[in-house]
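Enquirer:
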Amino acid sequence: MSTPTASTTGGTVTVPAQRPTPQPPPELRGRTRVESVVVTKIACSAAAEIPEIQEVYFAGLPWTRSSGAEVRGDQATIRLNVSVAYPSRLRAVAARLREHVIGRVAEQTGLNVSRLDVNMIDLEGG
Amino acid sequence: MSRKTSHGNRWGLALVGLVLIVLGGGALSRGAAAAWGSSGTPIVDGDVRGFFTGASPWIWWLVAALSLLVALLGLRWLFVQARRDTTRGSLRLERSPSGATEVSADGMARAVAADVETSPAVLSADADLAGTHNRPEVRLRVVADETAPIGELSRHLSTVALPHMRDALERDRVPAVARVSLEPAPASQRMVR
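Residue numbers (this note's numbering), protein chains in the order written: chain A, -14 to 111; chain B, 4 to 196.
Okay, here's the thing in structure tokens:
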């Protein structure tokens, strides 16, 4: 067993150069957090891609809660206020909307959407 | 006003009417008797005065409590007039761990009314949703052109507007009540036949 020895010459102490500490791989450096505002925007723009969805409202009616998302760890819950074309099968539209938005949020942020509430505040057309 | 309220109103009014008839009849017979001179005795005679002084003071507490009860019943009767059958807020379509779907009752009613208005026989329409989440109902108020064939209106309701609503809610049955009033059409909307 060799212990590093400090050689003393003329009052100065020379220590062996320290090995640089190995850095973690780049993908593990730092922490990425997706803010709920970002999730809300992704969800709203994904929702607007469904043909039956006429409009996605960020703010709801004055007495209801607005569209939004809440991120906890890798889980997100989303609430969307939308206007749907009438006549259309509302539950089928909601199911398609849910599938599309959940897929899009997972694809873009890696978050798992555990709950997506759909509030149809208006029906348009006829 | 809900059906329950109008039912209560009928009973309440009947009861009040009965009480007033009894009191009025009593006063009338008393007055008639006094007018023909057969009875000149005062209503509050010695017996009545004796009863009240004998039962004093608790009788006055009883009178106060009864008055308060009548006043509270009256207030409640007043407030139930605002009770409505129609659905306010949202109609829940589904609820599962992965999320709830709700549709605004007002939005739905507006859409149904707009759908009814697409018929040329209809001048204007208004709708309200009623019932529960599991059994939604719709109440329609339709103003129809008095010169239009009424069959056209019922055909439009039964083949267009109501099937659309049943489709939207994915239900086999959505009870509907339509109240139709006929009005002359404004000259610009008159149907040419």
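Virtual Cβ for every residue (Gly too), placed ideally from N, Cα, C. Here the structure is a predicted model, which is why all the values come from computation and not from measurement.
List the DSSP bridge partners of P139(B).
Expert: Looking at the DSSP assignment, P139(B) forms a beta bridge with G134(B).
Enquirer: With 7 Å as the C-beta to C-beta threshold (strictly closer), list the residues of the segment 85 to 105 of chain A near chain B in chain order.
Expert: R100, L101, D102, V103, N104 and M105
Enquirer: Please list the partners that R83(A) has in chain B, where partner means a Cβ-to-Cβ separation under 9 Å.
Expert: S101, G102 and T104
Enquirer: Can you list the residues of chain B that S73(A) reaches, using a CB-CB cut of under 7 Å?
Expert: A171, listed in chain order.
Enquirer: Should the segment 75 to 93 of chain B be regarded as contacting the segment 66 to 84 of chain A, the criterion being three or more beta carbon pairs within less than 8 Å?
Expert: no
Enquirer: Going by beta-carbon coordinates alone, are R144(B) and A128(B) separated by less than 8 Å?
Expert: The answer is yes: Cβ separation under 8 Å.
Enquirer: Put I153(B) into one of helix, strand or coil per three-state DSSP.
Expert: helix
Enquirer: Are the beta-carbon atoms of R64(A) and N97(A) separated by less than 8 Å?
Expert: Result no, Cβ atoms of R64(A) and N97(A) do not sit closer than 8 Å.
Enquirer: Tell me the residue span of the beta strand (DSSP E) that contains R64(A).
Expert: Q60 to A70
Enquirer: Going straight from the alpha carbon of E37(A) to that of N12(B), what length do you get?
Expert: 46 Å
Enquirer: Exposed or buried, V41(A), counting other C-beta atoms within 10 Å across all chains shown (16 or more means buried)?
Expert: buried
Enquirer: Is the Cβ-Cβ distance between T94(A) and I27(A) less than 8 Å?
Expert: yes
Enquirer: Below 8 Å on C-beta distance, what does E97(B) contact in chain A?
Expert: Ordered by position in chain A, the residues that pass the 8 Å Cβ test against E97(B) are R76 and A79.
Enquirer: Out of M168(B), A171(B) and T150(B), which one is the CA nearest neighbour of L185(B)?
Expert: T150(B)
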